[in-house]
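Number of protein chains: 2
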Amino acid sequence: MDKKRVRMSDVAKAAGVSRTTASFVLSGKDCAIPEVTRLKVRKIAEQMQYRPNATARSLVTGKTYRLSVVLNLPENFHNSFSMMDRYFTEVISGVQTGAWKKGYNLLLHTIEHPDWQHLRDDILSGASDGCILIARFADDPLTTSLVEANFPTVCVSYRIDHPGCCFVDAENRQGGDRAMEYLLSLGHRRIAFLYPGDHSSWGWERKEGVLDALRRASLPESALVSYSWQENRNPESCWLMEVREKLLKDPNRPTAIICCDESRACWFTEHLPEAGLRVPEDISVLGFNSTIISQRTTPPTTSVAQSLTEIGNAAVHVLDEILEGKLSAGMEHRFPMQLHIRQSTAPPSAEYEKKGSMERV
Amino acid sequence: MDKKRVRMSDVAKAAGVSRTTASFVLSGKDCAIPEVTRLKVRKIAEQMQYRPNATARSLVTGKTYRLSVVLNLPENFHNSFSMMDRYFTEVISGVQTGAWKKGYNLLLHTIEHPDWQHLRDDILSGASDGCILIARFADDPLTTSLVEANFPTVCVSYRIDHPGCCFVDAENRQGGDRAMEYLLSLGHRRIAFLYPGDHSSWGWERKEGVLDALRRASLPESALVSYSWQENRNPESCWLMEVREKLLKDPNRPTAIICCDESRACWFTEHLPEAGLRVPEDISVLGFNSTIISQRTTPPTTSVAQSLTEIGNAAVHVLDEILEGKLSAGMEHRFPMQLHIRQSTAPPSAEYEKKGSMERV
DNA sequence: CTGTTAGCGCGTTCAG
DNA sequence: CTGAACGCGCTAACAG
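Note that the protein sequences, when read in sequence, are chains A and B.
The first sequence lines up with residues 12 to 372 when you count with the working numbering.
The second sequence lines up with residues 12 to 372 when you count with the working numbering.
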């Protein structure tokens, strides 16, 4: 079997010095130890293939140089890993870069079902110095419990209503506003708004932005038809198809859709035509995130972009500052959103426009 | 600041029992401790918000229930994180599922440049029980050094030439064979083969498979024109464009391309037409992996699929068995590959076919 | 069935 | 500058 790992005391003995000395030179402290001894100890350590034991070191220093990362669960439990979603891929990419720059590794907690108490215990076990939670919800008990336990925590793309909550997110309100402003400028006057529901801070914020633009244009809130996928517990496709059915049967059909989720938006871009609604001739589709997914639909989907890698990166920086004690709790970082106009949006067709105006009277 | 965490001894004291007793009931051992004391200790622990310290526990048990994961580096260093590649996304997804089933968390080592010695020390620091290396190369010094250090290690999608090397991969040779067989059956007689080079086990294996099919059809090896991107150190696009140039200028131009990398294959599907080569009319393109990336090019790209999630999942199982001592080193797991025929491949056009036959005489 | 004791490997203080 | 000594929080012998 494995011979025992060589310990620091082994190195010290072999080098003919005390363990203290060995400890000092091997942890690279700037204490006053003669250059000769330093070199000798290092050389012996190298020869003996000495590797410091991270666990023992963590036990005494209280630092692990690891950051916990928790993704949310996909809403349909078909797929076990939200990382399949391009959103997570990009955020994690930014987190990875930030972690590297600050000298952390990432501890990816594996979860398959919403057993948040177990997950909380795992996070609080001391295996990491802090925690980055990604795309969870405003009513998430896990987040609340971590923040209340005073565990260094940063939320990405959402926040909870607690004074100690630190988070990094996009300017969702501004993004929603921009999306709506654009559709209004094209002439749309009846617009469907598809979002997760008000338990999601980004869903809620984007909705507020959309309403801002509506009010600024002096249009009634009834111009917006909201659909929430919050309560939906059926497989994904069902909700999408139900919404499509409702759109088709609506006598006063919206001429545009704003959909807060990228993959759902893309589904509409590609699957409304099957049901007889051409995109963008009969109906415009506007989504969010604007990753490669939106770029590659037919036609490409207009989308409100956020810099996901930048957000992930910032999350690590904020967490690092908390850990360094440079930051008080309750910080908020926001990044702007930007509209990427593609071919899934166009002015409403004359026919629908006319019909719309008549009914508005 | 933070009050000290409550320790097991605090719980024991509060419950009026010894630390041993507390330890036994809190680690859920099946020893004979009266139900009353168990309940009492548990209740006190709950009230005091006791969380076992994973570091201390690991120090004494020698187990962390963490698995190290190391991705390779993207070959162009523009993008810091290979996880942006769909290949990694899917493999990690499988790894995550497997890890969850076996009760492990994942330790994602952050690396930005090829400082493999530092990375090796990090992996050998005892912060994890074993290691999964993904899509590295046959000559990778990191892999060699870990295997030789006898650290529990599983390679995914590659292997090194060492008796102790455990790996999980697809049947690359069979996949290459199948791809070539298919193109030959369409009538292609001159085919370009784009691969990383022979330092990559999958590149080499797929090439062997391609040659198998060629030999079986009694065709000369000269029917295959190989291009390797191994030596290429320029930005990605340059290599792609250079190959495209060479294809264009080839008087005896191949009528089909087999490209071992999915995103490169997709680039050809979409960017050969710009240069005047229609796909598939003038030239067929066949790639690998067959993820959503291949499905969504215009036209969709024919591709040899492998079940990446299954491979990732298997990697964890193999590693777990090694850790449980159920498995000797040097295991190999292979998964079959399957051809997904799409619209980027077709019989060679009559003109090229004729020209090809004349020149073959 | 419970308490006592000895480490796990390392960081750090405090006399020599 | 070094060695002895203590403690991080917990597990697991070994006695009582």
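Don't be surprised by glycine CBs; every beta carbon is placed ideally from N, CA and C.
Annotation for B/SER239: TYR206, PRO207 and GLY208 place their beta carbon closer than 7 Å to its own, counting only its chain and skipping 5 residues before and after. B/GLY141 is positioned such that its CB atom lies closer than 8 Å to that of B/LEU330. A/ALA138 belongs to the set of residues whose beta carbon lies under 8 Å from a beta carbon in chain B.
Residues of the same chain with a CB within less than 8 Å of the CB of B/ALA110, apart from the 5 flanking positions on each side, are LEU78, ASN116, LEU117 and VAL327 in chain order.
In this structure, B/HIS344 sits away from B/SER301, with a CB-CB distance that is not shorter than 8 Å. In the three-state scheme derived from DSSP, where H, G and I count as helix and E and B as strand, A/ILE143 is classed as strand. Here B/LEU135 is buried: its Cβ has 16 or more other Cβ atoms, across all protein chains shown, within 10 Å.
At least one CB of chain A lies nearer than 8 Å to the CB of B/GLN107. Around the CB of B/THR72, fewer than 16 other CB atoms lie within 10 Å, so the residue is classed as exposed. Annotation for A/THR155: ILE171 and HIS173 place their beta carbon closer than 7 Å to its own, counting only its chain and skipping 5 residues before and after. Within chain A, SER79, LEU118, LEU119, HIS120, THR121, ASP133 and ALA138 have C-beta atoms less than 9 Å from the C-beta of B/ASN116, given in sequence order.
Looking at the DSSP output, B/ARG77 sits in a beta bridge with B/ASN116. DSSP places A/GLN354 outside both helix and strand once states are collapsed to three, so it counts as coil.
Bounds of the alpha helix (DSSP H) holding B/SER34 are 30–37. Taking CB atoms only, B/THR302 has no neighbour in chain A less than 8 Å away. B/PRO152 has a beta carbon lying at 8 Å or more from every beta carbon in chain A. Between the beta-carbon of B/GLY298 and that of B/GLU321 there is about 19 Å, and that puts the pair past the 8 Å contact cut. When DSSP assignments are scanned along the region 185–227 of chain A, the uninterrupted stretches of alpha helix (DSSP H) that are 4 or more residues long and fall wholly within it turn out to be 212–227. When Cβ-Cβ separations below 8 Å define contact, A/THR100 makes contact with chain B.
Proximity of the region 214–225 of chain B to the region 181–197 of chain B meets the contact definition, three or more beta-carbon pairs being nearer than 8 Å. Below the 7 Å Cβ cutoff, chain A contributes ARG307 as neighbours of B/ARG307, in chain order. Within the region 51–66 of chain A, GLN60, ARG62, PRO63, ASN64, ALA65 and THR66 place their CB atoms closer than 8 Å to a CB of chain B, listed in sequence order. Annotation: Cβ neighbours of B/SER69 in chain A (cutoff 7 Å, chain order): THR66.
Judged by DSSP secondary structure, A/THR164 falls outside any alpha helix (DSSP H) and instead within the beta strand (DSSP E) spanning 164–167.
CA-to-CA, the gap between A/VAL52 and B/LEU251 works out to about 50 Å. For B/ALA340, the closest of B/GLU46, B/ALA160, B/ASP21 and B/LEU37 by C-alpha to C-alpha distance is B/ALA160.
By the criterion of at least three beta-carbon pairs nearer than 8 Å, the region 96–114 of chain A is not in contact with the region 61–69 of chain A. Counting along the chain, A/ARG345 sits inside the beta strand (DSSP E) bounded by residues 343–346. For B/THR313, the beta-bridge partners assigned by DSSP are B/LEU297.
About 6 Å separates the Cβ atoms of A/ALA267 and A/ILE294, confirming a contact at the 8 Å cut-off. Residue contact check for B/ALA110 against chain A: a CB pair falls below 8 Å. Taken through DSSP and simplified to helix, strand or coil, A/ASP21 comes out as helix. Here B/CYS277 really is in contact with B/ILE304; their C-beta atoms are around 6 Å apart, less than 8 Å.
Judged by their CB atoms, A/THR32 and A/ALA25 are not nearer to each other than the 8 Å cut-off.
With fewer than 16 neighbouring CB atoms inside 10 Å of its own CB, B/CYS249 falls in the exposed class. Sequence-distant Cβ neighbours of B/MET342 in its own chain, meaning closer than 7 Å and more than five residues away, are CYS177 and VAL329.
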